[in-house]
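Basically our numbering = 1-based index in the sequence shown + 704.
For each residue, glycine too, the CB sits at the ideal point set by N, CA and C.
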Amino acid sequence: PGDYTPIEAILLRLKTDPNRLERFDAQDVAEKYWWEILAVLSLLLMLAGSVAWRLRRDNLRISKAAQERDLLLGSLAEGVCGFNRNGHCNFINNAALRILGFRREDVLGPMQHPMFNFLEGHSRDIWDESCPLRSTMVDGTPRKGEAQVICADETLIPVDYSITPMRDNGSVVGIVVAFQDISERKR
Numbered sequence: 705p706g707d708y709t710p711i712e713a714i715l716l717r718l719k720t721d722p723n724r725l726e727r728f729d730a731q732d733v734a735e736k737y738w739w740e741i742l743a744v745l746s747l748l749l750m751l752a753g754s755v756a757w758r759l760r761r762d763n764l765r766i767s768k769a770a771q772e773r774d775l776l777l778g779s780l781a782e783g784v785c786g787f788n789r790n791g792h793c794n795f796i797n798n799a800a801l802r803i804l805g806f807r808r809e810d811v812l813g814p815m816q817h818p819m820f821n822f823l824e825g826h827s828r829d830i831w832d833e834s835c836p837l838r839s840t841m842v843d844g845t846p847r848k849g850e851a852q853v854i855c856a857d858e859t860l861i862p863v864d865y866s867i868t869p870m871r872d873n874g875s876v877v878g879i880v881v882a883f884q885d886i887s888e889r890k891r
């Protein structure tokens with residue numbers, strides 16, 4: 705066997721005791737690598753702060769865009785509402801609510817009431833085969849015409865309507881319906 709004295713001296717200078725390897729624990733890591741641990745924790749803290757700042761900034765931008773959209777839709781005299789591919793109403797402006805007599809919570813989300821009766825009383829299924837809303841959703845062709853709108857109190861109001869597809873990368877993802885009460889004109 706050789707002389708291990710120089711190796712033991714190096715291990716002692718490195719503050720490493722060969723007998724301690726059996727009981728090496730987190731405290732030993734913290735004592736030996738405290739600077740590296742502090743640097744990594746500082747970097748993680750800065751990264752978390754950066755992510756939190758970006759999330760807050762993006763949420764403010766989204767909130768501002770939604771507020772601008774609501775102001776724009778709210779200033780229109782025509783009723784405007786949008787439906788996704790599942791037929792759920794995902795936005796409606798104040799003019800549409802006023803014309804229809806609904807509350808916003810009655811209309812948004814899964815369709816619980818057939819607002820648009822395009823079949824002149826033949827069907828109240830909004831996604832019926834002959835429904836122009838469904839047709840625009842399927843073929844992406846804009847449509848215009850006159851129809852009856854079913855109000856909250858079950859009365860019918862004649863409207864001029866325009867149905868336009870919403871597209872994302874060329875695929876129809878929903879539709880926008882704009883309509884105007886033409887009751888006075890029909891009298």
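State the CB to CB distance for the pair residue i and residue j, rounded to an integer number of angstroms; the pair is presumed to be in contact (CB under 8 angstroms).
i: L837; j: I879; result: 6 angstroms
i: M841; j: R789; result: 7 angstroms
i: V876; j: G844; result: 5 angstroms
i: C793; j: L764; result: Contact doesn't hold; Cβ gap of about 27 angstroms is too wide.
i: G791; j: C855; result: Actually they are not in contact, since the Cβ atoms of G791 and C855 sit about 19 angstroms apart, beyond 8 angstroms.
i: A730; j: I741; result: Actually they are not in contact, since the Cβ atoms of A730 and I741 sit about 10 angstroms apart, beyond 8 angstroms.
I'd like the span of the beta strand (DSSP E) that includes residue i, first residue to last.
i: S866; result: L860 to D872
i: A851; result: R847 to I854
i: I879; result: S875 to D885
Take residue i as the anchor and find which of the options has the nearest alpha-carbon.
i: R807; options: V842, R758 and D857; result: D857
i: F883; options: D843, L777 and G844; result: L777
i: D885; options: M870, L860, D872 and S875; result: L860
i: F787; options: R761, M870 and E740; result: M870
i: V881; options: R889, V853 and G874; result: V853
i: K719; options: D707, Y737, Y708 and R889; result: Y737
What span of residues does the alpha helix (DSSP H) with residue i cover, start to end?
i: D732; result: A730 to K736
i: S834; result: From DSSP, S834 is part of no alpha helix (DSSP H); its letter is neither H nor E.
i: R891; result: Note, R891: premise wrong, no alpha helix (DSSP H); not H, not E.
i: L895; result: Past the edges of the chain, shown from 705 to 891, lies residue 895, and the structure says nothing about it.
- Message: Taking 8 angstroms as the cut-off, does the segment 795-814 touch the segment 777-784 (at least 3 CB pairs, one atom from each stretch)?
- Response: At 8 angstroms Cβ cutoff, the stretches touch.
- What residue ranges within the segment 746-813 form continuous beta strand (DSSP E) runs of no fewer than 3 residues, ordered along the chain? Fully enclosed beta strand (DSSP E) runs of 3 or longer: 783-788 and 793-796.
- Message: Any contact between the segment 837-853 and the segment 863-875? By contact I mean 3 or more CB pairs, one from each, below 8 angstroms.
- Response: By the criterion of at least three beta-carbon pairs nearer than 8 angstroms, the segment 837-853 is in contact with the segment 863-875.
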